[in-house]
Each structure stands twice: as structure tokens, then as C-alpha cells.
Amino acid sequence: MQLVQIEKAILPTPWGDFLIFGFEEKKNGKNHIALVYGNIQKNIPILARVHSECLTGDAFFSLRCDCGIQLEIAMSKIASEGNGILIYHRQEGRNIGLLNKIKAYSLQDKGLDTVEANQKLGFSADERDFSLCADIFNILNIKKIRLLTNNPFKVKMLMASGIEIVERIPIIVEKNDKNARYLKTKAEKMGHLLFK
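Here it is as C-alpha cells:
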């Protein structure tokens, strides 16, 4: 296990009360969280979302991406289901960090797409390690999930880490004039499945 569970508490939200679990990476002290709604039963596939941190989209309502809207949709779906889990994966900007993400935004303002901008900064298109999320599922004794995602790479990495994904459920976000190119790049260059 790369992580250790630190503590849990009640987190009231507009969708109801979640339990918030805090986790810490053993090697570097970085933090991740899981929001659990309702009762989780070990052998029943649970509705799950692995949501990668996006400060600009999640907290500041940026229209450049689809992150904040995906977060809201996922929390709403989990609450409507009556139980589920949302892992908040703190690997900002596909794990290049907030300041590099702002640099990537600047390059996008000059004409590069999101993949080209990350590569120009010396990163791969996606630097995230979803095996950390598999550790969270295992710590919480969750083995089978119905995953809310458009990202086949996320599915592949979680399955390679021992999590059984019995269903992939898309999260469809309407495009706007600010995120249309970003969504097109995710589909064409990163293989994201943005349609049902």
C-alpha cells in the first residue's frame, strides 16, 4: 500500500451527508480524499468516481474544462443512487501541478492544445498514477465498481491494479465555446469517450 488512512468525518453537502476519509502517501506526505455516501457492501459493485483535482474547474468554475461540472454530476449521481464513493485524486493538472498547469494554460492561450502544452513543458500528456486510487478502494474494502468516467486509460490502470470494473458509465458534459477545443483534444489525442 502506498497510502495510509488518517481520519474520517461527516461532510454535509447540497446532495446530503458524505463521510470524508483522508489519506496520506507514505513516501511524500501528499494527501488524497474519498467521499463515501450511504452503506457500502463488500460484494456489490458500487457506483464510483475517481475525480482528479482541478482547482480552476472545481473551485473557480472555469469554462476551459469539464472538470467542475463532472464533479457536480458525479456527486449528484452517487447521492441519487443512495450509496457510492468519489475519490478526489489530488494530482492537479494531470499531475504536473498547479503552477505548471497555469503555464500550460498560457501556452494554450498562444495556440497549443492541452496535450501539446504539457509536452512543451516537458511532461507527457497525462502524468497521473491511478494505482493510488486502487489503494484507496482496497483500504475501504471496495473490490467491484461501476465507474463514472470517460477515460479508458483510467479504466485500464485501475483494472491492472486489481479493481474489478463491471461497468463504465459516461459523464457527458455539454461543450461551450471555451472548452470545445479541449474536449476535442481529449477525444482525439487521449482517447476519451465523450459520447454514450
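Using UniProt numbering, the final residue of the sequence shown is 196, and nothing's skipped along the way. We put the beta carbon where it would ideally sit given N, CA and C, even for glycine.
Looking only at 17, 178, 158, 58, the smallest Cα-Cα distance to residue 167 is reached by 158. Taking every protein chain shown into account, the CB of residue 81 has fewer than 16 other CB atoms within 10 angstroms, so this residue is exposed. For residue 72 and residue 142, the gap between their C-alpha atoms comes out near 22 Å.
By a beta-carbon distance limit of 8 Å, residue 147 contacts residue 48. Their separation comes to about 5 Å. In this structure, residue 2 and residue 26 form a Cβ contact; the two beta carbons are roughly 6 Å apart against a cut-off of 8 Å. Taking each of 67, 17, 14 in turn and checking the Cα distance to residue 89, the smallest one comes out for 67. Residues 49, 50, 155, 168, 169, 170, 171 of the same chain have their beta carbon placed closer than 8 Å to that of residue 149, with the five preceding and five following residues left out of the count.
Of the candidates 129, 130, 134, 54, the residue whose Cα lies closest to the Cα of residue 101 is 54.
For residue 162 and residue 45, the gap between their C-alpha atoms comes out near 14 Å. Just measuring C-alpha positions, the residue of 84, 93, 145 sitting nearest residue 134 is 145.
Comparing alpha-carbon positions, the option among 118, 36, 96, 7 lying closest to residue 24 turns out to be 7. Within the same chain, Cβ atoms closer than 6 Å to the Cβ of residue 35 are found at 18, 20, 86, the five residues on either side in sequence being excluded.
Residues 17, 18, 19, 20, 35 of the same chain have their beta carbon placed closer than 8 Å to that of residue 11, with the five preceding and five following residues left out of the count. Secondary-structure assignment with DSSP links residue 25 through a beta bridge to 3.
Taken through DSSP and simplified to helix, strand or coil, residue 152 comes out as helix. Within 10 angstroms of the beta-carbon of residue 13 lie fewer than 16 other beta-carbons, which makes it exposed. When beta bridges are read from the DSSP output, residue 161 appears opposite no residue.
Looking from the CA of residue 131, the closest CA among 70, 107, 160 belongs to 160. Listed as beta-bridge partners of residue 48 by DSSP are 85, 147.
DSSP places residue 34 inside the beta strand (DSSP E), whose first and last residues are 31 to 37.
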